[in-house]
Every structure is written in structure tokens, then in C-alpha cells.
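Residue 64 in the UniProt record's numbering sits at position 64 of the sequence shown, and the numbers go up by one each step. Glycine is no exception: its CB is placed at the ideal position from the N, C-alpha and C atoms. Values in this document were obtained by computation on a predicted structure and should not be read as measured data.
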Amino acid sequence: MSFEQDRRSIYERRRNILYLVANYLSSMGLHQTRQALIDETHLTSEFEVCDNIDLDTMYQDFCSYFLLKFGKQPRIVKRTESIGPLPTVHRKLSGARRKPPPPALKPESLTNAGDELQALRVTATNLPTHSNDHTEGPTPPVVPYANPKLLVRLQDHFTSEWKDLAEEVCRDLIRKDLRQRWSNIKGLAGPIKVLKESVIAPLEHPELFVGLAQPWRCVLLHGAPGTGKTMLARTLCSETRESVTFFSTTASTLISKWRGESEKLIRILYEVAKFYAPSIIFVDEFDSLASRRDTVREHEASKRFKNEFLSLIDGLESSAANEQTPTDGRDRVFLLASTNLPWELDPAFLRRFERKILVDLPTPDGRKELIEHLLPTVTAWPEQEIQQVVTLSEGWTGDEVRLACKEASMMLLRNKITGRRTISGRVEHEELQFSMLHKAFEQLRPGCVELAQKHRDWNQRYGTQLVE
Ligand SMILES: Nc1ncnc2c1ncn2[C@@H]1O[C@H](COP(=O)(O)OP(=O)(O)OP(=O)(O)O)[C@@H](O)[C@H]1O
Numbered sequence: 001m002s003f004e005q006d007r008r009s010i011y012e013r014r015r016n017i018l019y020l021v022a023n024y025l026s027s028m029g030l031h032q033t034r035q036a037l038i039d040e041t042h043l044t045s046e047f048e049v050c051d052n053i054d055l056d057t058m059y060q061d062f063c064s065y066f067l068l069k070f071g072k073q074p075r076i077v078k079r080t081e082s083i084g085p086l087p088t089v090h091r092k093l094s095g096a097r098r099k100p101p102p103p104a105l106k107p108e109s110l111t112n113a114g115d116e117l118q119a120l121r122v123t124a125t126n127l128p129t130h131s132n133d134h135t136e137g138p139t140p141p142v143v144p145y146a147n148p149k150l151l152v153r154l155q156d157h158f159t160s161e162w163k164d165l166a167e168e169v170c171r172d173l174i175r176k177d178l179r180q181r182w183s184n185i186k187g188l189a190g191p192i193k194v195l196k197e198s199v200i201a202p203l204e205h206p207e208l209f210v211g212l213a214q215p216w217r218c219v220l221l222h223g224a225p226g227t228g229k230t231m232l233a234r235t236l237c238s239e240t241r242e243s244v245t246f247f248s249t250t251a252s253t254l255i256s257k258w259r260g261e262s263e264k265l266i267r268i269l270y271e272v273a274k275f276y277a278p279s280i281i282f283v284d285e286f287d288s289l290a291s292r293r294d295t296v297r298e299h300e301a302s303k304r305f306k307n308e309f310l311s312l313i314d315g316l317e318s319s320a321a322n323e324q325t326p327t328d329g330r331d332r333v334f335l336l337a338s339t340n341l342p343w344e345l346d347p348a349f350l351r352r353f354e355r356k357i358l359v360d361l362p363t364p365d366g367r368k369e370l371i372e373h374l375l376p377t378v379t380a381w382p383e384q385e386i387q388q389v390v391t392l393s394e395g396w397t398g399d400e401v402r403l404a405c406k407e408a409s410m411m412l413l414r415n416k417i418t419g420r421r422t423i424s425g426r427v428e429h430e431e432l433q434f435s436m437l438h439k440a441f442e443q444l445r446p447g448c449v450e451l452a453q454k455h456r457d458w459n460q461r462y463g464t465q466l467v468e
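Structure follows, in C-alpha cells:
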């Protein structure tokens, strides 16, 4: 690296650190300190900290890296002898007159680190400040927060009473880190179509969704465990993550984590979802939240919680009813719920789901596709061999097929470690053999045949019949 490049990179590093600190102070509610930093360094709005970058995360990443490398946590601060507030750093001004700040410098003209800092001293007036920047009065509560950018926006929008909960909703429920593709899901064309129609089509063709033809707001996925309901939701999240905010939770988390505050949380979840619309709220294990209400024995808090959730759904519906003219679809909130026990749901909830979609066991074609997807080598095998394993897996869930394929891969792995070798020392079977796959599929028995039938029966009576 040339001397010039070296200097430039030092300059950029120091500038970036200052922006990170300013952002961090803002996320901590230390607005006066942030302002003092801006005044002193003259940061401008020419730059801003990128999405998903903040000091807190960097700190945690550094600790993880250090722990991995040296087997212990890094020491960041150490105890001193003195107790009391941090000593003030006084500038050495004795005798010297305070100079006015020098004009802004361009990085190319810098000669040393001091100059680099001075180069940041450019006009501060246009750096964004926030409507609730407090120059007087009580400082807002200091809260650790994963994404300061979101926090800043939340601070503008929510009163402090709601702010902490709104932050918790964002920190714990927003999901963005998923890597799933529709093409990984096999044999569930019907449910995929409904999800695309509910979320993706309204964003791509908002002009078509007018009057009565509003997008579905509220969809329930039901099916036996391991049929791919969660996978569908996660894929919807990753396929739309550029344009949609995805809140994912389970009913039991909502109930246990926010015990005592759950009811308020539902309202905040809805408000935050509206704030970040278009958004999807996905609630797994929905039955544990929305089981039939027991008017006599049920706890008051539980009733209130359910009523609040019903209001949330009504909120989705009433905002849909208001859309008589085309909107760009960017203000929509979509509720997706999944359950293994739809028959336990309170009729008040059931009635509100516009679509109740059965996620069924995979058909023979679906199982074949799934096996070929998980074990691509089998595509080169004779058709009759693949059909044998497809027949063996009659009545299995997608998850059971996946488990059997995994067992076959493990057999191959064991063979590579301990298997017979040829005279030249090579492993005898380096590729997956039909006998391994067959054996793996013979070892497993389907666990959800009856439950899957119960879902089909229930869907016939109460569910949505998907037509191809
Ligand atoms: N149709 C499918 N296509 C591809 N993979 C599938 C399919 N169905 C299930 N799987 C596999 O099974 C795993 C478990 O599925 P998932 O967790 O989505 O089931 P679920 O219906 O949500 O179960 P539960 O009701 O117990 O939460 C998935 O991660 C995936 O690997």
C-alpha cells in the first residue's frame, strides 16, 4: 500500500468511527453528547452509517472473534485506583490563544493524523437531528438496541411509554437472516400460490387489487408436524426480504416472554408492523394463543390477550375494507399463522382467517422431487430404483423424507470412514448406493398418517379447497 493510500485509509477509518459513535450516542438517547460531538468534529450529513452496522454489534463481533482466537473474553476496560466520575480532559491552552477552527480540508491534502481529524470539521448544520432530540428536560431512557437506525425512527414515532416495547418487538421479532428459495419446497404448489397471491402479487401489481379484490390479509396454514408450514413462512420471508418487513414469533413466546405485558405487546406489534409496512406477522403454534375461550375458568389476562389479538385481525380487515382506490400496496400488514391443531382454535379466530390452507403430506411426485433435491446423485439412477424408495415413503411427511435422506448420507459417510477398501487403498463405494438409500428408508416409519387424515377431514369441513 502506498503512503498516500495508507493515509487515506487512516482518515476514512477515523471518520467512520466518529460516525459510528454519533450513531451510538443517538441510539442510547444521549442527544446532547451527540450534538457536542457533532459540534466538535463537524460531522456532516454527507455520510451515514450503513444498514446493519453499529458499534454494539461490532463490539459483540470482536468479543466472539477474540473468544474464538484466544479462548477467553477480551478485556475492554480495566479497574483504576481512583473512584468517582471520569476526570475531565483539559485542553492545554495556557498562555496560547485559542485558534479558530481551520477551514475544511480534503483528504488528499492531509499531512498527518491531526489534519485528518480537522478534515471532519466541515459544516454541521445539515446533519440530521431528530424531532425528540432533547436539549433540555429529562434524558430519555438508555436502552441497548440492535439496530440504531430503526431505533431512531421508532423514537420519532412512539411515545416513550411504548418505545421500549416497540424496540423489543423489533429486536426479537424482525427476521432478515434467512436463506430459502421457493424452489427448495417440493410438492406444495397450492400453499405457495396462496402466499404469493397474498403478499408478492399485491406489491407487483397494486393496480389490480381494488374494490372487493383486496389481497388476503389473514391466512392460516394447518397440517401435521413436519409438513413444511414453517418452511413456507421462512421462504416467504427470504423471498420478500428486500421489500417486506417480516416479524416472526411463536404464540408461546408471545405469551411467556411478555407475561403481563403480552396484551400491550400485541397492540405494539401491530403498530410497529404498520410503521414498517409492508410487513408480515408470522405466528407459529397459533393454537396455543387462540384456543377456545373458556368463559368460566379462563384467566382474565388470557381473555384480554385473545381479545387484543382479535382486534389486531379486525384492524387488518378494516384497513383492507377502506381501500376502495388502488394503493401501492406498501402500507399492508399480512398475518400468517400456522397450527398443528386447527380444531382447537376458537371459532372467533377461525372465522377471521380468510384462507385456511391445508399443508398436506407430499404426493409420490413431491417425495420424488424432494429426494432428488436432497440427494442429486439419485437423478442418474434407473427410474425403478427411485420409485422403490418413493413407494417405501408412502404417508411420510417432508421432514421424514428429509431424515431418511440424511440417514443415507450418513451411511455413505460411515462407509468412507470405516468401509472396505480396494487394493489401491480407495474406498469401495464413494458414491451413494441404492442399497444404502433403500436401507435408510426401510428404517423409518411414518408418524403422522392418522393426524394428516384428520387435517384433511377438518379441511373438507372448515378449510379452503384449493383448485388448481
Ligand atoms: N414440502 C417440503 N419440501 C421440502 N422440504 C420439506 C418439506 N416439508 C418438510 N420439509 C423439511 O422438513 C423440515 C421441517 O419442516 P417444518 O419445520 O417447516 O415443518 P412444520 O410443518 O412447520 O412442522 P411443525 O408443525 O412441527 O412446526 C424443513 O426444514 C424441511 O427441511
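C-alpha distance - Leu392 paired with Phe434, whole-angstrom precision: Counting from 1 along the sequence shown, the entry for residue 392 is found at position 392. Counting from 1 along the sequence shown, the entry for residue 434 is found at position 434. So the alpha carbons of these two residues sit roughly 13 Å apart.
Exposure label - Val210; buried when at least 16 CB within 10 Å: Position 210 of the sequence shown holds residue 210. It counts as exposed.
Arg355 - containing beta strand (DSSP E), residue span: If you number the sequence shown from 1, residue 355 lands on position 355. From DSSP, the beta strand (DSSP E) with Arg355 extends over Arg355 to Leu358.
Three-state secondary structure assigned by DSSP to Ser94: Here residue 94 refers to the residue found at position 94 when the sequence shown is read from its first residue. Low confidence applies here, because Ser94 scores a pLDDT of 38, under 50, leaving its location unreliable and the question unanswered by this model.
Any non-hydrogen atom of ligand 1 within 8 Å of Leu254 CB: Sequence index remark: in the sequence shown, residue 254 carries index 254 (1-based). No, ligand 1 has no heavy atom inside 8 Å of this Cβ.
Beta strand (DSSP E) segment containing Leu336, residue limits: Residue 336 sits at position 336 when you count from the first residue of the sequence shown. Its beta strand (DSSP E) spans residues Val333 to Thr339.
Contact test: Ser243 Cβ vs ligand 1 heavy atom, cutoff 8 Å: As a position in the sequence shown, residue 243 is number 243, starting the count at 1. No, since every heavy atom of ligand 1 falls outside the 8 Å radius drawn around the Cβ of Ser243.
Length of the line joining the Cα atoms of Ser248 and Asp172: The residue given as residue 248 occupies position 248 in the sequence shown. The residue given as residue 172 occupies position 172 in the sequence shown. Their backbone Cα atoms lie some 9 Å apart in a straight line.
Residue 469: CB within 8 Å of a non-hydrogen atom of ligand 1: Residue 469 cannot be examined here, being either before or after the span of the chain that is shown, 1 to 468.
The beta strand (DSSP E) enclosing residue 478, as first and last residue numbers: The structure shown does not extend to residue 478, since the chain is modelled only from 1 through 468, so no value can be given for it.
Bridge partners - Asp56, DSSP secondary structure assignment: By 1-based counting over the sequence shown, the position of residue 56 is 56. Under the DSSP definition of a beta bridge, Asp56 lacks any partner.
Beta-carbon gap between Gly223 and Val390 smaller than 9 Å: The residue you call residue 223 lines up with position 223 of the sequence shown. The residue you call residue 390 lines up with position 390 of the sequence shown. For Gly223 and Val390, no; Cβs fall outside 9 Å.
Whether Phe349 touches Ala290 by CB criterion (9 Å): Within the sequence shown, the letter at position 349 stands for residue 349. Within the sequence shown, the letter at position 290 stands for residue 290. A Cβ-Cβ contact shorter than 9 Å links Phe349 with Ala290.
C-alpha distance - Leu37 paired with Glu285, whole-angstrom precision: The residue labelled residue 37 in the question sits at position 37 within the sequence shown. The residue labelled residue 285 in the question sits at position 285 within the sequence shown. About 48 Å.
Burial state of Tyr65, where buried means 16 or more other Cβ atoms lie within 10 Å: Position 65 of the sequence shown, counted from the first residue, corresponds to residue 65. Answer is exposed; the Cβ neighbour count stays below 16.
Near ligand 1: His373 beta-carbon under 8 Å from a heavy atom: If you number the sequence shown from 1, residue 373 lands on position 373. Yes, the Cβ of His373 comes within 8 Å of a heavy atom of ligand 1.
Asp284 - partner residues in DSSP beta bridges: Your numbering for residue 284 matches position 284 in the sequence shown. Its beta-bridge partners are Thr250.
Strand pairing of Thr245, partner residues [DSSP]: Start at 1 with the first residue of the sequence shown, and residue 245 comes out as number 245. Ser279, per the DSSP bridge assignment.
CB contact check: Ala290 to chain B, cutoff 9 Å: Looking for chain B here will not work: only one protein chain is present.
Straight-line Cα distance separating Ser279 from Glu242: Position 242 of the sequence shown, counting from 1, holds the residue named residue 242. Position 279 of the sequence shown, counting from 1, holds the residue named residue 279. Rounded to the nearest whole angstrom, the CA to CA distance from Glu242 to Ser279 is 11 Å.
Ile357 classed as buried or exposed, judged by whether at least 16 other C-beta atoms fall within 10 angstroms: Numbered from its first residue, the sequence shown carries residue 357 at position 357. Its Cβ being crowded by 16 or more others within 10 Å, Ile357 is buried.
Per-residue DSSP class, three states only, for Ile174: Locating residue 174 in the sequence shown gives position 174, counting from the first residue. Ile174: strand per DSSP, three-state reduction.
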